[in-house]
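Read left to right, the sequence shown gives residues -19 to -1, 1 to 560 (mature numbering (1 follows the signal peptide of the UniProt record, and there is no 0)).
The beta carbon of each residue, even a glycine, is placed where N, CA and C say it ideally should be.
Please read all numbers here as calculations on a predicted model, not as lab measurements.
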Amino acid sequence: MRIYVRSLLLTLVATLSYAQLTVDQKVSDFQSLAALYAKRYGPYEWKRDALGVDLFNVAPWLAKVQATKNDLDFYELMGQYVASLNDAHDTYQLPSNFQAYLNFTVDIYDGKLLVDFINRSRLPAAEFGFVNGYELVSIDGQDAQKLLDGLLRYEVAANPRSTRRLAAQLLTIRPQYLIPRAAEVPEISVVLFRRPDGNMESYRIPWAKSGMPLTSVGRYTTPFSVAAKRSIASSYNGMSSVDPVTDPPAAEEVPEYLQLLKRLQNCRLPDKAVNGFGAQVPVFAAGLPTSFVLRQGKSVQDPFFSGVFGANGHTIGFIRIPSFGPVNPTTALIAFQNEIAYFQANTEGLVIDDMRNPGGSVSYLNAIVSYVMAARWRSIPFELRATSEWVTAVSSAMVSAASAGAPQSYLDLLGNIKTEVLAANAAQRGRTKAIPLDDVTIDRDPATDAKGNVIAYTKPLIVLVDEMSASAGDAFAATIQDNARGPLVGWRTMGAGGSVEGWEAGTYSLGYTTVTESLMNRKNPVVTAEYPTAPYVENIGVRPDITVDYMTVDNLNRGGKPFVDAFVAAIVAQIEGRK
């Protein structure tokens, strides 16, 4: 029944192609979107001062809204308004499940758009002879780099390199929830490649299409119900919804106070098409040392990929953290604790892979950090957008926690958040001071056992980062660096520096948007050439101590071995520097 209702609603939206929204309806929905950001957007002052983007200046946008000729143009404009913030967390989405796919992907290596995945079940080598490493030159006669320039606004990711890499995926994958005119691709495209030897090869590749194209929302006078809008949002946003008529109640309801904390602590990007993004196996797995012995990762159910290897006479541990949002956090933490115990007893140094990490939960992040900090450490607090809604929601959650018999620590945490929001409102500040969202203290102790013995890893370590280390992945890197626990090796992180929440965005157009509601606050102000000096992760990212670029042709062709060689040298240097 639930699937049928979702499909029916999408069908209704997709088939209303005979009418368009009125100007008044479009203006109303844009004003709703702008008001949502005005009320809830945490980094407003940062974007205004650092990027020159003032979301309160809506007059030029309203003029553009009134000038749109059809619904798809209007959707384009709504997306552009959100994209103007250059915030990796914030994306405006259409109510569409349509997608077109050429069954291969490209990414940017040494500045070139190179093939790095081919779905051979749809593009057999006998007919489509191009291989990984071929350069994408054009699609239907249009230069691929220029096409990419036009796609950047659909995958804004806080900094130019991350944005360009994510947008490169859209050259061959066109989801309409991001790209309003995605359904306008032809049945077959002529794709031109440049081989490594410089010769050209051309192929006629069909677009694999799924879902229902959205051509317009249609003109109507009665808005859909909230329940209907949520059902549509759920269908394309990977969320679940419950049909109260046919679905049984959940076996165990999540208490209101835990639901609120989950909202506050959400630091995660949605799934992206970049190879290895959120994946269990590291992107450079093929290049790991021949001495590598796998521990975790033998089963797809394992929450980590881990092992040990030898280098220069040293035994070194390795563990990849795919995300900070595992299916079962309790099981994952037990597994991590066991791996750390093994590494502490059997290795001289540790490599932690935080690359291509989409983020997750703040509380899980800090629990993981506690197992790799040898001494008292500073967590990453947040400047939370102070709204009356948070006061109401936290007050209600405190009642829920008390009635549920929740541990006092939860009541203390909620009470502290409420106090700080009220203080910010009383002082007429848009955000709270920097506060923790998972505890009452910013400074934390290492992980200990029941007897108070430290069970954290105490030996040298390094952390691998790249421009796809995002959100809680950013925060992990920042925490390691702020506490001088070990060098970061790789590339600057994405700079998705806050917590995020999803909201309906338009009664008539049925859009959906995600809104950053806080700012991560680091121990010390960060000085860069691109931005004002500030203690933020947003846009700035976390800069590596040892710069190594994975996105090279050499790494693509050799399974990441040059990158592996570089980080092995870095951890060996850390080990030998301690002796």
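Q. Of the residues Phe11, Ala107, Glu182, which one's Cα is nearest the Cα of Gly60?
A. Phe11
Q | Own chain partners of Asn397 with C-beta closer than 6 angstroms, once the 5 adjacent residues on each side are dropped | A | Val421
Q: Give the single residue among Glu136, Arg357, Glu165 whose Cα lies nearest to the Cα of Thr144.
A: Glu136
Q) Which value, in whole angstroms, describes the spacing of the CA atoms of Val96 and Asp426? A) 46 angstroms
Q) Going by C-alpha distance, which of Val63, Gly259, Pro270 is nearest Phe548? A) Pro270
Q) Looking at the structure shown, is Glu364 part of a helix, part of a strand, or coil, going by DSSP? A) strand
(Q) Does the segment 504 to 521 come into contact with the segment 367 to 375, if we say contact requires no fewer than three beta-carbon pairs (one atom in each stretch) closer than 8 angstroms? (A) no
Q.
Which residue wins for smallest C-alpha separation from Thr72, given the options Glu57, Gly306, Thr86, Thr400?
A. Glu57
Q: Using three-state DSSP, classify Pro310 as helix, strand or coil.
A: helix
Q | For Arg466 and Leu445, believed in contact at Cβ under 8 angstroms, the rounded distance | A | At roughly 14 angstroms, the Cβ-Cβ gap does not stay under 8 angstroms, so Leu445 and Arg466 are not in contact.
Q: Taking only the alpha-carbon atoms, compute the straight-line gap between Ala415 and Ala551 and give it to the nearest angstrom.
A: 34 angstroms
Q. Quick one: what does DSSP say Gly492 is sitting in, helix, strand or coil?
A. strand
Q) Can you tell which of Asp68, Tyr323, Pro307 has its C-alpha closest to the C-alpha of Gln282? A) Pro307
Q) If you follow the beta strand (DSSP E) that Ala415 is part of, which residue opens it and which one closes it? A) 412 to 416
Q: Evaluate Ser344 with the Cβ neighbour count: other Cβ atoms within 10 Å of its Cβ, from every protein chain shown; 16 or more gives buried, anything less gives exposed.
A: buried
Q.
If I follow the unbroken alpha helix (DSSP H) through residue 579, where does it start and stop?
A. Any property of residue 579 remains undetermined from this structure, which presents the chain solely from -19 to 560.
Q: Could you check which residue in Gln80, Pro525, Gln325, Gly487 has the C-alpha nearest to that of Ala163?
A: Gln80
(Q) Between Glu108, Asn78, Gly92, Asn113, which has its C-alpha nearest Phe85's C-alpha? (A) Asn113
**Q.** Ranges of the beta strand (DSSP E) found wholly within the segment 433 to 493, counting only runs of at least 3
**A.** 442 to 446, 469 to 471, 481 to 486
Q: Might you give, ordered along the chain, the residues of its own chain that have their beta carbon closer than 6 angstroms to the beta carbon of Val435, omitting 5 neighbours on each side?
A: Pro427, Thr429
Q: Measure the alpha-carbon distance for Asp91 versus Gly259 and round it to whole angstroms.
A: 23 angstroms
(Q) Going by C-alpha to C-alpha distance, which of Gly131, Ser197, Pro156 sits closest to Lys190? (A) Pro156
Q: Count the other CB atoms, across all protein chains shown, that sit within 10 Å of the CB of Gly541; report buried if there are 16 or more and exposed otherwise.
A: buried
Q. Does Lys542 come within less than 8 angstroms of chain D when only Cβ atoms are used?
A. Here there is only one protein chain, and chain D is not present.
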